[in-house]
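Presented below is the structure to which this report refers.
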Amino acid sequence: MAIKKRKISPRQKMINLMYVVLMAMLALNISTEVLNGFSVVEESLNRTTGNSSKENDAIFGELDQMMRKNPQKVKQWFMMASTVREMSDSLYNYAQALKVAIVREADGEKGDPLNIEGKDNIEAASYIMLNPANGQGHKLYEAINSYRARILQFVTDPRQKKIIASNLSTEVPHHSMGKNWEEYMFENMPVAAAVTLLSKLQSDVRYAEGEVLHTLVANVGLKDIRVNKLQAFVVPSQTRLYPGETMTAQMFMGAVDSTQQPQVFVNGQLIKGNQITVKAGAPGKHTLSGYILIKDLTGNVLRRNFSQDYWVTGGPQPKEYISPQGMQKVPPFDGMATIAADLMNVLYAGFDNPITISIPNTSQSDVQATMSGGSLVAKGGGHFIARPSAVGQPVTISVSAKGRKIGEYQFRVRKLPDPSPYIAMGADRFKSGTLSKAALMSAPGIQAAIDDGLLDIPFSVTSFRVVFFDNMGNAVPLASNGASFSPQQREQFRELSRNKRFYITNVVVHGPDGTTRTLNGRNMEVIVR
Numbered sequence: 026m027a028i029k030k031r032k033i034s035p036r037q038k039m040i041n042l043m044y045v046v047l048m049a050m051l052a053l054n055i056s057t058e059v060l061n062g063f064s065v066v067e068e069s070l071n072r073t074t075g076n077s078s079k080e081n082d083a084i085f086g087e088l089d090q091m092m093r094k095n096p097q098k099v100k101q102w103f104m105m106a107s108t109v110r111e112m113s114d115s116l117y118n119y120a121q122a123l124k125v126a127i128v129r130e131a132d133g134e135k136g137d138p139l140n141i142e143g144k145d146n147i148e149a150a151s152y153i154m155l156n157p158a159n160g161q162g163h164k165l166y167e168a169i170n171s172y173r174a175r176i177l178q179f180v181t182d183p184r185q186k187k188i189i190a191s192n193l194s195t196e197v198p199h200h201s202m203g204k205n206w207e208e209y210m211f212e213n214m215p216v217a218a219a220v221t222l223l224s225k226l227q228s229d230v231r232y233a234e235g236e237v238l239h240t241l242v243a244n245v246g247l248k249d250i251r252v253n254k255l256q257a258f259v260v261p262s263q264t265r266l267y268p269g270e271t272m273t274a275q276m277f278m279g280a281v282d283s284t285q286q287p288q289v290f291v292n293g294q295l296i297k298g299n300q301i302t303v304k305a306g307a308p309g310k311h312t313l314s315g316y317i318l319i320k321d322l323t324g325n326v327l328r329r330n331f332s333q334d335y336w337v338t339g340g341p342q343p344k345e346y347i348s349p350q351g352m353q354k355v356p357p358f359d360g361m362a363t364i365a366a367d368l369m370n371v372l373y374a375g376f377d378n379p380i381t382i383s384i385p386n387t388s389q390s391d392v393q394a395t396m397s398g399g400s401l402v403a404k405g406g407g408h409f410i411a412r413p414s415a416v417g418q419p420v421t422i423s424v425s426a427k428g429r430k431i432g433e434y435q436f437r438v439r440k441l442p443d444p445s446p447y448i449a450m451g452a453d454r455f456k457s458g459t460l461s462k463a464a465l466m467s468a469p470g471i472q473a474a475i476d477d478g479l480l481d482i483p484f485s486v487t488s489f490r491v492v493f494f495d496n497m498g499n500a501v502p503l504a505s506n507g508a509s510f511s512p513q514q515r516e517q518f519r520e521l522s523r524n525k526r527f528y529i530t531n532v533v534v535h536g537p538d539g540t541t542r543t544l545n546g547r548n549m550e551v552i553v554r
């Protein structure tokens with residue numbers, strides 16, 4: 026017997042439909058406890074991110090101070106840190122703007138991510154992030170991928186790379202049912218959860234930024250006593266001896282590690298400690314040479330050779346005595362001449378190089394000197410001015426006393442190195458970095474000098490160019506035909522707002538060696554504070 030299907034009344038259909046709707050509403054209803062849990066996580070993330078930001082600011086501030094004191098050493102690392110900070114701030118601020126947009130979509134124009142009212146709203150995040158017309162989800166996806174790829178270029182430690190790559194991953198789990206990243210993250214996501222996800226992204230960005238800044242600080246040597254070049258030295262107590270005298274010398278590395286004792290070899294023999302005593306032999310030039318072995322931080326053994334010349338002087342050892350007239354006298358001296366370049370152990374072509382020439386126990390008025398390949402002018406008191414004529418051609422200085430030739434000494438000849446442009450700030454020289462607008466407006470212009478710690482030689486600035494950028498990012502170059510800022514440049518300075526930057530380029534200088542040169546690669550970056 027066939028079973029007849031009973032016809033459902035319209036009233037029963039309505040009841041069944043209401044039941045289905047009720048079950049759907051129950052399924053979509055999110056408990057208050059869960060939403061409050063997101064708020065707790067959000068507060069914790071904000072505290073962590075705030076602490077990371079403060080630490081990152083402190084590290085960057087330390088780099089900025091070192092940049093002011095030693096720009097030549099720190100500039101490379103400071104520029105990297107500036108790049109990392111700019112791109113981190115860009116992604117961080119973008120995530121913050123999305124948080125504000127989602128909350129205001131749910132709570133209205135006065136919505137505040139720190140005080141969300143519509144925490145259970147599941148439409149606001151979908152609208153802001155997945156709207157087909159102007160949804161921000163895919164833009165955020167691309168921004169994260171771009172930031173991750175760029176920030177990892179600054180990370181060398183494999184463990185750090187793995188953590189940062191995992192934190193900033195945009196891979197979608199296999200159980201996402203075919204959704205893309207933005208759909209998986211924001212589709213039907215309550216406002217409280219969406220804001221928390223974006224806060225986590227901000228925290229990950231500050232973590233990545235901090236790891237890179239720590240690495241850059243370690244590289245530049247702000248936290249550790251580091252060296253980038255090891256050099257072996259030998260320091261004798263004296264380099265001129267008389268027959269029968271003894272000489273004491275110390276051998277050491279240019280950078281000393283007090284936690285380990287290096288091995289010192291002299292003439293192929295390991296000595297005890299780092300001090301050796303030798304007895305003077307026949308008159309003339311002698312050489313003390315050897316090498317030092319020391320371990321670096323990785324345990325590798327480094328070898329550095331050393332060599333030191335010393336002279337044994339012929340003739341009797343002079344003995345000083347006081348005459349009845351109170352005049353100090355010494356016996357005749359059969360010795361060698363000493364020549365010291367006052368700047369360095371090289372001479373610069375076309376430049377007045379001060380040198381000092383002396384012969385022990387010989388009056389300076391009896392010392393004569395000549396030079397090949399240039400001019401040598403006596404200034405009195407053993408001081409001379411040497412001016413070589415050609416770069417790359419060594420010069421020889423011949424020294425004599427009372428018509429008797431003492432010796433010849435050869436010096437290398439180089440071109441004066443390029444100077445560094447700077448803005449004079451009293452006794453300080455500003456070369457790049459952040460500068461207050463008041464200090465900028467009070468500066469007359471730019472100067473240039475070689476000031477590498479060994480030389481301090483001024484150059485004359487004949488022209489330079491200042492490059493500004495308008496609101497569209499277009500370069501606006503303004504030239505000055507001299508060392509002073511032009512009226513047009515100063516007018517542009519007045520219009521600069523905070524954190525705006527400009528560049529001083531194409532600096533042309535005239536040196537004391539008579540050469541005129543353009544300082545390519547020595548541009549100055551100025552950020553208005």
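In our numbering, the protein residues as written are 26 to 554.
Glycine included, every Cβ here is placed at the ideal spot set by N, Cα and C.
Subject >> Span separating the alpha-carbon of Asn292 from that of Pro385 >> reply: 30 Å
**OP:** Can you tell me which of Ile422, Ser445, Ser461 puts its alpha carbon nearest to the alpha carbon of Asp477?
**Re:** Ser445
**OP:** Note down the Cα distance separating Phe489 from Ala106, rounded to an integer number of angstroms.
**Re:** 28 Å
Original post:
If we count Cβ pairs, one from each stretch, closer than 8 Å, do we get three or more for the region 160-173 versus the region 185-204?
Top reply: yes
Original post:
Per DSSP, Asp114 forms a beta bridge with which residues?
Top reply: BP columns for Asp114 are empty, so no partner.
Subject >> Among Gly536, Thr530, Val534, the one whose alpha carbon lies nearest that of Gly546 >> reply: Thr530
Original post:
In chain order, what residues of the same chain have a beta carbon less than 7 Å from the beta carbon of Asn330, not counting five sequence neighbours either side?
Top reply: Ala257, Tyr316
**OP:** Compare the C-alpha of Pro483 against each of Gly507, Tyr447, Met466 and name the closest.
**Re:** Tyr447
Subject >> Beta-carbon gap between Arg526 and Val486 smaller than 9 Å >> reply: no
Original post:
Among Ser522, Ser314, Leu480, which residue has its Cα nearest to the Cα of Phe290?
Top reply: Ser314
Original post:
Do the region 494-509 and the region 435-445 make contact, defined as three or more Cβ pairs closer than 8 Å?
Top reply: no
Subject >> Leu327, buried or exposed, once every other Cβ within 10 Å from all chains shown has been counted against 16 >> reply: exposed
Original post:
What separation, rounded to the nearest whole angstrom, lies between the Cα atoms of Thr312 and Met104?
Top reply: 46 Å
Original post:
Would the beta-carbon of Pro537 fall within 9 Å of that of Asp377?
Top reply: yes
Original post:
Can you tell me whether Arg519 is buried or exposed, with buried defined as 16 or more other CB within 10 angstroms of its CB?
Top reply: exposed
Subject >> Supposed contact pair Arg231 and Ser77 - C-beta distance, whole angstroms, cut 8 Å >> reply: 4 Å
**OP:** Indicate whether Gln161 and Gln227 have their beta-carbon atoms separated by less than 9 Å.
**Re:** no
Subject >> Rounded C-alpha distance that separates Gln514 from Met466 >> reply: 10 Å
Original post:
Taking the continuous alpha helix (DSSP H) assigned at Leu19, which residues delimit it?
Top reply: As shown, the chain starts at 26 and ends at 554. That puts residue 19 outside it, with no answer to give.
Original post:
Where does Glu433 fall in DSSP's three states?
Top reply: strand
**OP:** Starting from the N-terminal side, write out each stretch of the alpha helix (DSSP H) that is 4 residues or longer and does not extend beyond the region 371-446.
**Re:** none
Subject >> Cβ-Cβ distance between Phe179 and Val237 below 9 Å >> reply: yes
Subject >> DSSP beta-bridge partners of Met549 >> reply: Ile529
Subject >> Rounded separation between Glu87 and Ile319 - CA only >> reply: 32 Å
**OP:** Please state if the CB of Glu212 and the CB of Lys225 are separated by a distance shorter than 9 Å.
**Re:** no
**OP:** Assign Ala243 to buried or exposed, taking buried as 16 or more other Cβ atoms, counted over all protein chains shown, within 10 Å of its Cβ.
**Re:** exposed
Original post:
DSSP puts Met186 in a beta bridge; with which residues?
Top reply: Met is not the amino acid found at residue 186; the sequence shown has Lys there. Looking at the DSSP assignment, Lys186 forms no beta bridge with any residue, so it has no partner.
**OP:** Let me know if Asn140 comes out buried or exposed under the rule of 16 or more other beta-carbons within 10 Å of its beta-carbon.
**Re:** exposed
Original post:
Grouping DSSP H, G and I as helix and E and B as strand, with all else coil, what is Asp82?
Top reply: helix
**OP:** Determine the direct distance from the alpha carbon of Asn325 to that of Asn548, and round the result to whole angstroms.
**Re:** 39 Å
Subject >> Residues of its chain near Glu67, where Cβ-Cβ distance is below 7 Å and the 5 sequence neighbours each way are ignored >> reply: Val220, Thr221, Ser224
Original post:
Among Gly143, Ser113, Trp206, Ala411, which has the Cα closest to the Cα of Met154?
Top reply: Trp206
Original post:
Is Gln389 near Gly407, with beta carbons less than 9 Å apart?
Top reply: yes
**OP:** Within its chain, find whatever has a CB closer than 7 Å to the CB of Thr563; leave out the 5 residues flanking it on each side and keep chain order.
**Re:** Coverage of the chain is limited to positions 26 through 554, which leaves residue 563 absent and any answer about it impossible.
**OP:** Just the C-alpha distance for Ala463 and Phe493, rounded to the nearest angstrom, thanks.
**Re:** 18 Å
**OP:** Take the Cβ of Gly351 as the centre, count every other Cβ of all protein chains shown within 10 Å, and call the residue buried at 16 or more, exposed below.
**Re:** Residue confidence for Gly351 is low, a pLDDT of 32 falling below 50, so the modelled location carries little weight; the figure read from the coordinates is stated next. So Gly351 counts as exposed.
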